[in-house]
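Heads up: the protein sequence lines correspond to chains A, B, C and D, in order.
Numbering-wise (the working numbering), the first sequence opens with residue 1 and increments by one.
Numbering-wise (the working numbering), the second sequence opens with residue 1001 and increments by one.
Numbering-wise (the working numbering), the third sequence opens with residue 2001 and increments by one.
Numbering-wise (the working numbering), the fourth sequence opens with residue 3001 and increments by one.
Where a beta carbon is used, it is the ideal one built from N, C-alpha and C, also for glycine.
Source: prediction; values computed, not measured.
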Amino acid sequence: MTPTLHPGGRKEGAGLNATRLHDALMQESIYLPIEASIAGVQPIAKLEKLFKIELPNGLSIQHEPGQFVGVSVLGVGEAPISISSSPSRSNGSFELCVRKVGSVTAALHNLKPGQTIGIRGPFGHGFPVADFRGKDILFAPGGLGLAPLRSLIQQVLDERHHFGRVILLYGAKNPSELLFTDEIETWRKRGDMEIHLTVDRGDEAWKGNVGVITTLFPKIQVHPRNTIAVTVGPPVMYRFVLMELLGKGIPEGNIWLSLERRMKCGVGKCGHCQMNHVFTCQDGPAFSYAQIKPLEEAL
Amino acid sequence: MTFQILPKARVNGWVDSLRPGHRLYGPMPADGAFGFSEIGEGQFPSWDYPTSLLPPKRVVLPPREKLLDFAPGKTRPALEKGPAVILGIHTCDMHALALLDRVYGEGVPDQHYLARREATTLVGIECLRPCTEHAFCKSMGTLTLPEKFDLHLTDLGEDYAVDVGSEKGEALLGGLGGLRKAENTDYGRLDRAMSEKWARFPYRLDFDASELPSLLATSYRSDLWEKLGERCLACSSCTMVCPTCTCFDVVDEVDFALTAGQRCRVWDSCQLGMFATVVGGHNFRSQRAARVRHRFLRKGKYQHEAYGLMGCVGCGRCAQSCLVHITPVDTFNALYRQRVEAEAQSAEVAS
Amino acid sequence: MATSRTQDLHVDVHYLTRVEGHGNIVVDTRDGRLERCELEVVEAPRFFEAMLRGRPYEQASHLASRICGICAVAHATASLRATERALRVEITPQTQRLRRLNFCGEMLDSHILHAYMLVAPDLVNLGSAVALARVKPDIVVRALRMKKLAGDLCAVLGGRHTHPISMTVGGFLRIPKAEELRELLRQLEAAAPDVEATVELFASLPLPSFARETEYVALRKPGEYAFIDGEIASSDGGSWPLESYREVAREDIVKHSTAKHTRHARESYMVGALARYLINHDRLHPKAQATAKRLGLTPACRNPYWITVAQVVELVHSYEDAKVLIDRLLTDGLRLEPPAAPARRSGEGVGAVEAPRGTLYHHYAIEDGVLTQANCIIPTGQNLANIEADMRALVPQILSKGKEEVTRSLEMLVRAYDPCISCSTHMLEVRFV
Amino acid sequence: MTAPNGAKPKVAFFDFASCEGCQLTVVDALQTHLGLLDAVEIVQFREAMSERADDYQIAFIEGSCTRAVDEERLKAIRGRAQLVIALGACAHMGGVNAGRISQSLEAVRGYVYGAKAGTIDTGPVRPIGSVIPVDGYIPGCPIDREEFARSVTALLQGRMPSLPDYPVCAECRLHENVCVFQNGKACLGPVTRAGCGAICPTYHAGCEGCRGLAPGANLPSLRSVLAEHGLDARAADDSLRLFLSAELAEHEA
Ligand SMILES: Cc1cc2nc3c(=O)[nH]c(=O)nc-3n(C[C@H](O)[C@H](O)[C@H](O)COP(=O)(O)OP(=O)(O)OC[C@H]3O[C@@H](n4cnc5c(N)ncnc54)[C@H](O)[C@@H]3O)c2cc1C
Ligand code: SF4
Ligand code: SF4
Ligand code: SF4
């Protein structure tokens, strides 16, 4: 059996009440990043690069869509980054889509294939994709939000027969910030996925919709009870997207989001990601709206 | 419960007997205050001391703790396992350590904390009078020992009564001469000390601490938070001195060749502006009021919900170090008054 | 004298390096005649006297130390003494010892910096300690090691190397711990080989020969080689109480320059290590006296290039003095003395110390705890006239050697004085060629 | 840091109106971090060397701008350097030099230079950041040598030095200092940016604010703390005026 990288194994239920799972044999330290090599780097937009990561022999990532890893450039620091490829395509390697915004992400952008980085994880709870089976799926990412969601989209498309309609509403500030446009084209070509793109501000070449992501919602009709909506994006986006989704009658428990917080450990210790009593890194980052609605600090 | 009796004259000899094989920590005087620092050659801890500046937590969770030594291909975790003894821990701090054990031990266990903690033996000391005007341990139920302890001393004048709580504790008494079983008269002395002690401590909360979680749950929108937020300096003193605070940041230190170095964790605080800020500048608790509220809710509600243990042990350190006098006692009592008034009002409206 | 060649020479060393602060050397000769020979100060003026005015007296020493990072302890101490004398604050023997110990630290640091980093490269014809480090790394590593100890000495007493924190009016806010002093003593003792090597190094380096009679001024006090307090003494004879400092350090407008220079009875006078040695050599620690002998420094010396040698002698003295002071502090036991309180809230006082570069005066008037007047007279300001007099005497002697050599000799001369121009700018005018 | 073909980055030090204590602290940093000299090539450091080259990538600038000539020189340095780092309080926020902004230029000049005041070339005290764009700051009076070393490391890694964004009190707690307010002294630590290791309180003196205001500093609350400890508004201003004159003017504007 390939040992999993996940230090504590999967927990069920709220992380805070999880029982202690301690595998000393497998893991000396939850803070020790495993040296992994960069198998490929591909620029995909002005600030984003897609990294293909290979773990050392005998290790596999075994993640769920929506989980994240701690990526270390030792000497600079560590950043939480969502796994952008789906478990169904994992095949010994996985992908990370990184936007260059600060120290660690800039250091990552300077790395070339063959160089190594440190990986810890995967951490937290991803999207319970098995529970989504039999439902229509509405993806509504904004900007960089497509990076984590791509993992789930790929998974859904790879098991396409388990799901009903699949819709993607994707928005970014401007056309150059739309991510994975080539891949979106291949999705479009499959013919079994409804895709609507929008940008806040267009340019000469842009022929599509102009406006914030919420302007796409009137374009689609859903069966609210039978729809799972998944949205990932910047904090400001959630309030408006949620209004649309709830307005369409989608139940709170069917709406899923992934939350971003400052994170320093990934295992519910450092306290940075705490929203009221919930730890985003352990209990999330994927949550249903029903789970986080009572939390005053969530959105 | 069986106690043993250790004459005070023997204590220093006992401390000396522990030196080989253990690093010793205890309350040591410095600049007119006390801190849990390492006990040096020829030094002895102060058993009778007001509360320490930093709690004994600093021994098992150092303010700056190396997590990794890194170098290309040679990155190793830094796990410290050398046996240590912390002497002279007040009971409030014993309760706090019990909470820390849960926080770092449960869920995904933190091997770094656990390695250090498991190699550490705790020797408590019974508080016979309030250590500072700010202590409210009696209200928080921390005036006596928590369930788990290793060794505990109670001052009986000439002697200490020694209570053994674990094998680890027992082991420390191994080579100790002059220790005898407590007799009836000793139990009499102990009972007297304990009952006299009890009366010396005031109840400082106006309500029972078990109501704290529900009080805080209904106080989320209290206007008190705004008022405190206006005063708060966001200096983080309160959280830095708190024995139950556990938050940390992680920083890398690297040599000038940029290849080898250390990754360390350093204490962090939810009272600081950047604590909950993410890239793009969004701060999930940008207002000081929200941060003060988060702190008190964590102390009185969240930790209790997660572990069944109160996140505040009533040591009073935060109250002592807050320059603008934001204290748990005043805050909790003010919220309680607000609730009583609100209830009285709604009762009036109803009648 | 070799001035026969009628070659015109113009030397303009812009931004003299390896001195603290900005200075330019300007020399102009026409037909073998010296037309101009000046050391100009182009450092930005900082107006400390004006800033001191209106400050509460407690802040004065903290502000004053920012006049110069290299001799911050000297400025702070002179400032404290001025305040203490104005407000009648009696300081204890322990405070005096601690201050002198801190002073030793700064004296060591400054002399090591000057001798090793600034002068030594000249003597081996290199541009800097960085270049020296490439050729003789052991010398530079030793200098850095010695400097570190000096800095640590300051840090134990004052809290950090420069800009002392715990020195305050009436005493110290924090008394060092006995362990800290014991550790310093251990390190000072362990430094003996470094000190010896330093003496040997400077014994072997060639110094230009040049001599000029001038007046030498330094503080002098009974029983010790004066660093803090004392009376003002002159090599021409006579002594003055500190309050009469203006009689000695007379600020004058000199014809050839618009800069304010100080002078006493003669056209100029010298302060600093050599002046101190010449006036107080009998009060040096015996080991330092032996060092002077070893290096050939005698009370007959009139060569300003030998200031560096006097610094090496003082370096030995300061190591020894520091050890003696620590020993006494430890023997007597350190007491936690709260700083002494002022006896009054208004008054006037002069504080004087021997900063590494020479006598430094701070003169304050205080009213109800607030400074109303402040005057500071800085060593380099006192030396400027003397440096120029030396330059005027030296240039004709070396004119025939060509511009490069003249420039080098003048730069070395100015550097020998270790001028701290950042401190002197408060009193010097700034002029551009 | 980008030096041509992976060579050591060339750094230069410059000083303007200052006491040069920060440059001295750089020399101190070399004492404790000998590796620094291997990591960079110092091409200009007037306080310590005669050699001078105008080819550098990183310029560390100490001191405030007070004259027209300073402004020209600053611009020339900016033109040559890829990165300009302000070294110390004088460069960062005017430092003690800014203490004179409450007096008129004429009054200041006249007091120090008397009748000759007219010949003195000086203007208002300005932090270098208000003259040229500055990429990074190493605050403090003097700078902290460890922070300097960390900053150089950061620059070598190609990132800007990061400063603590919390106040000095946090460091006081970590050092287990007894708060100086408890001993009857005033302290600006609650509003001052940390990074010095709370060195003044560690040596039993109140923080003087030499590192500038911490982000989000709560000045009204600090003033009430000072008042509670016996400092009236004037005394509070006096203590804030030692280093923070310029920052306060900005903060209050
Ligand atoms: C669960 C999760 C999943 C994520 N997934 C992805 C992903 O798939 N792809 C991706 O690109 N990102 C992702 N992120 C975001 C990513 O973690 C951050 O962008 C990353 O941590 C930034 O690190 P950095 O070191 O590059 O930036 P930093 O250097 O830490 O800072 C970035 C920015 O914040 C500012 N800043 C930081 N600290 C301070 C400070 N102390 N004071 C002032 N300003 C400051 C900086 O000025 C800079 O502009 C995810 C985050 C989370 C929590
Ligand atoms: S909140 Fe305050 S009183 Fe409670 S444990 Fe923490 S420091 Fe002590
Ligand atoms: S100690 Fe007081 S002022 Fe400081 S952060 Fe805590 S509550 Fe605010
Ligand atoms: S001494 Fe100053 S910096 Fe330290 S805790 Fe007190 S107020 Fe804060």
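Residue i in three-state terms, based on DSSP
i	result
residue 126 of chain A	coil
residue 82 of chain A	strand
residue 2416 of chain C	helix
residue 1262 of chain B	strand
residue 1225 of chain B	helix
residue 2079 of chain C	helix
residue 1012 of chain B	helix
residue 209 of chain A	strand
residue 110 of chain A	coil
residue 2270 of chain C	strand
residue 3030 of chain D	helix
residue 2024 of chain C	strand
Closer than 7 Å: residue i CB and nearest ligand 2 heavy atom
i	result
residue 1102 of chain B	no
residue 1232 of chain B	no
residue 1317 of chain B	yes
Rounded separation between residue i and residue j - CA only
i	j	result
residue 192 of chain A	residue 247 of chain A	26 Å
residue 49 of chain A	residue 80 of chain A	15 Å
residue 1103 of chain B	residue 1295 of chain B	16 Å
residue 2183 of chain C	residue 3032 of chain D	18 Å
residue 322 of chain A	residue 1327 of chain B	Summary: the structure shown does not reach residue 322 of chain A, with chain A confined to residues 1 through 299, and so no result is reported for it.
residue 147 of chain A	residue 1088 of chain B	53 Å
residue 1140 of chain B	residue 1310 of chain B	8 Å
residue 44 of chain A	residue 114 of chain A	19 Å
residue 1315 of chain B	residue 1092 of chain B	6 Å
residue 3142 of chain D	residue 1201 of chain B	48 Å
residue 2021 of chain C	residue 122 of chain A	Legend: pLDDT at residue 2021 of chain C = 49, less than 50; position of this residue unreliable, value from coordinates given subsequently. Near 57 Å, if we compare the C-alpha coordinates of residue 122 of chain A and residue 2021 of chain C.
residue 3035 of chain D	residue 1074 of chain B	21 Å
Check: residue i C-beta below 7 Å from any heavy atom of ligand 4
i	result
residue 41 of chain A	no
residue 3243 of chain D	no
residue 1054 of chain B	no
residue 3213 of chain D	no
residue 1347 of chain B	no
residue 3180 of chain D	yes
residue 1323 of chain B	yes
residue 3091 of chain D	no
Check: residue i C-beta below 7 Å from any heavy atom of ligand 3
i	result
residue 1286 of chain B	no
Residue i beta carbon near ligand 1 (any heavy atom closer than 7 Å)
i	result
residue 287 of chain A	no
residue 105 of chain A	yes
residue 1178 of chain B	no
Endpoints, beta strand (DSSP E) assigned at residue i
i	result
residue 3079 of chain D	Where residue 3079 of chain D is concerned, there is no enclosing beta strand (DSSP E), although the alpha helix (DSSP H) it sits in stretches over 3068-3080.
residue 1303 of chain B	Where residue 1303 of chain B is concerned, there is no enclosing beta strand (DSSP E), although the alpha helix (DSSP H) it sits in stretches over 1303-1307.
residue 2220 of chain C	2215-2220
Boundaries (first-last residue) of the alpha helix (DSSP H) holding residue i
i	result
residue 52 of chain A	Not the alpha helix (DSSP H): residue 52 of chain A falls in the beta strand (DSSP E), residues 48-54.
- Message: Counting beta carbon pairs with one atom in the region 171-179 of chain A and one in the region 260-274 of chain A, are three or more of them shorter than 8 Å?
- Response: no
- Do the region 1194-1203 of chain B and the region 1125-1139 of chain B meet, that is, are 3 or more Cβ pairs less than 8 Å apart? yes
- Message: Three Cβ pairs or more, each shorter than 8 Å: is that satisfied between the region 2069-2078 of chain C and the region 2347-2360 of chain C?
- Response: yes
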